[in-house]
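S.K.: What follows is a structure written as structure tokens; I'll ask about it next.
Residue numbers (the numbering used here): 38 to 245.
Quick look at the structure:
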């Protein structure tokens, strides 16, 4: 489990397509300090398993299913990525519950001078994105400032812009989105008590 508090900006140094998986090597001096084979590291919000550590670099295998469902598809050497080690049991819970299981990809739209940043999102995620609720964008724990039927906005402070990939996004860039897992569990538990039409329409939430 992760908290969405990015520890460092890493850089993809090598991409090796292979049978059954693509092998990525990422440079990350902070996350490799105590990383070992089998550990979990979130790369742009995608939970991946370390298969090798060499100096300040670690290597992971990314299966086609993960590539298909995330923005890691087509990743090339030189790309910056957000890195976070799995949270220790005695660690501080700085963000929110982040599993590293991407729910869909969104699109960076714009950012104004005050840091208000807008993203388009897939319609199937609409019922999970609420104003003042939590969302992870490329593994960064954020609070939703505004939401409409097709996009949401978050307010990014200068530190987040400089310390994560979100300050480097260009319009049209794909981003990984993970909605609040608690909302998904609540929906599952409440579904048996709601009429089928309400469940299909996201619990009857009105479009804004």
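Ideal Cβ placement from N, Cα and C applies to all residues, glycine included. Here the structure is a predicted model, which means the values were calculated and not measured.
So what's residue 103 in DSSP terms, helix, strand or just coil?
M.R.: Residue mapping note: residue 103 aligns to position 66 of the chain shown, counting from 1. It is helical.
S.K.: Give me the Cα-Cα distance between residue 56 and residue 230, rounded to the nearest whole angstrom.
M.R.: The sequence position of residue 56 within the chain shown is 19, counting from 1. The sequence position of residue 230 within the chain shown is 193, counting from 1. Taking the straight line joining both Cα atoms gives about 46 Å.
S.K.: May I ask you to report which of helix, strand or coil DSSP gives residue 147?
M.R.: Along the chain shown, one-based indexing puts residue 147 at 110. The answer is strand: DSSP assigns residue 147 an E or B state.
S.K.: Taking C-alpha atoms, which residue in 207, 172, 62 lies nearest to residue 93?
M.R.: As a working note, residue 93 is residue 56 in the chain shown. Comparing Cα positions, the closest option is 62.
S.K.: Tell me, which residues are paired with residue 153 by DSSP?
M.R.: Working through the chain shown from its first residue, we reach residue 153 at position 116. Beta-bridge pairing links residue 153 to 192.
S.K.: With burial defined as no fewer than 16 other Cβ atoms inside 10 Å of the residue's Cβ, what is the status of residue 122: buried or exposed?
M.R.: Mapped onto the chain shown, residue 122 falls at position 85. Residue 122 should be labelled buried.
S.K.: Indicate whether the contact test is met: 3 or more Cβ pairs, each with one atom in the segment 100-108 and one in the segment 180-191, closer than 8 Å.
M.R.: In short, these stretches do not touch, since the Cβ pair count stays below three.
S.K.: Would the segment 154-170 and the segment 138-146 be scored as touching if the rule is three or more Cβ pairs under 8 Å?
M.R.: Yes: the two stretches touch, three or more of their Cβ pairs being nearer than 8 Å.
S.K.: Report the three-state DSSP secondary structure of residue 43 (helix, strand or coil).
M.R.: Counted from its first residue, the chain shown places residue 43 at position 6. DSSP places residue 43 in coil when its eight states are reduced to three.
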